[in-house]
Structures are given as structure tokens and as C-alpha cells.
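Throughout the sequence shown, residue numbering follows our numbering, covering 7 to 137 in sequence. To keep things clear, I will list the structure first and then write my remarks on it.
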Amino acid sequence: MSQCCGSNNVMLLACSGGSHVGQVANDCARRLTQLGQGKMFCAVGVAGKLDMPNGSTFVDAARAADVRVAIDGCGVRCVGKALESAGLPVDVQVVLTSEMPMEKGYNFDFGEAEVAKAAGLVADKLKSLGS
Ligand code: SF4
């Protein structure tokens, strides 16, 4: 897993929302996972405070991570707020509409450039955590 910020347990949680910024967030987390910058995890399971099939809970799994990365498509911050609601820290927060910046739309008209830029934003923030 990731060594980018000195942690080998970086959890990537994307809002995966029903807008193109939500799907850029999803693809960003997937890309970073493929690059070994962290591991994508089921954000909705955390938000719903659900049990996992292995007997643990999604919240407990998120608590066990060294670094929790909330990748939200827009300022509603569904992932960031879900972590906060569960009493967990948001170690890295990215909001694509304001930080890319990028309009929230519903035509899913985006490509590799947007995904790469979002992944770069997250990677830079992970590096800035240091250690
Ligand atoms: S953060 Fe915004 S885009 Fe993502 S799921 Fe929530 S409302 Fe949708």
C-alpha cells in the first residue's frame, strides 16, 4: 500500500456520487489504488455505519486506518461528513468542485485529464502530511 506519507495504511474514500464530479472522485480513488497510493474503501458502508461480512464494521475498519482520505465531488462533503458523524478524523479532504475547480454537472462528460488532476491533488496532500 502507500508509502507516500510514511503510512502503509491510507484509506481512500470517494463519494462516488451521481454527478460527474462524484464519478471523477470515484475514478480518482480507483486510480490512486492502482498506483499504490492507498486503498479504496466503501464509503457508503462507513456512512451507513454498516456491519462488514467479516464481523467487523465499516466504521471500525476506517478507524483502524492511519490516514483517511475523503474525496468529495462537491461542497456537500458527503464522505467528510460521514467520517465526522462516525467520530473519525478526516486526515485529508479534497472537494473537487472548489479545488480542481470543476462545475458540478450530470452529463458525465469527463476524461483522463480530470481524473489525473484529481489524483494529483490527493497525492500532493498526502505528501504534505510529511513524515
Ligand atoms: S459530495 Fe456532492 S457529488 Fe459527492 S455524493 Fe455528496 S452531493 Fe454527490
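No residue lacks a Cβ here, since even glycine has one placed at the ideal position from N, Cα and C. In this text, all values refer to a predicted model and were calculated from it rather than measured experimentally.
DSSP state of R36, grouped into three classes?
helix
Straight-line CA distance for D57 to A92?
13 Å
Distance cut-off 7 Å: S104 Cβ against heavy atoms of ligand 1:
no
Could you give the DSSP three-state label for L56: helix, strand or coil?
coil
CB contact flag (E120, V30, <8 Å):
yes
Chain-ordered list of residues that sit, by beta carbon, closer than 6 Å to a heavy atom of ligand 1
C21, G23, S25, V27, G28, D78, G79, C80, V82, R83 and C84
Locate the beta strand (DSSP E) running through V98, then write down its first and last residues.
V98 to V101
Please state whether DSSP places R74 in a helix, a strand or coil.
strand
For the beta strand (DSSP E) holding A20, just list the boundary residues, first then last.
V16 to A20
Nearest-angstrom Cα distance between A35 and S22?
9 Å
Using only the heavy atoms of ligand 2, determine whether one of them is closer than 7 Å to the beta carbon of A119.
The ligand content of the structure shown is limited to ligand 1, which means ligand 2 is not among them.
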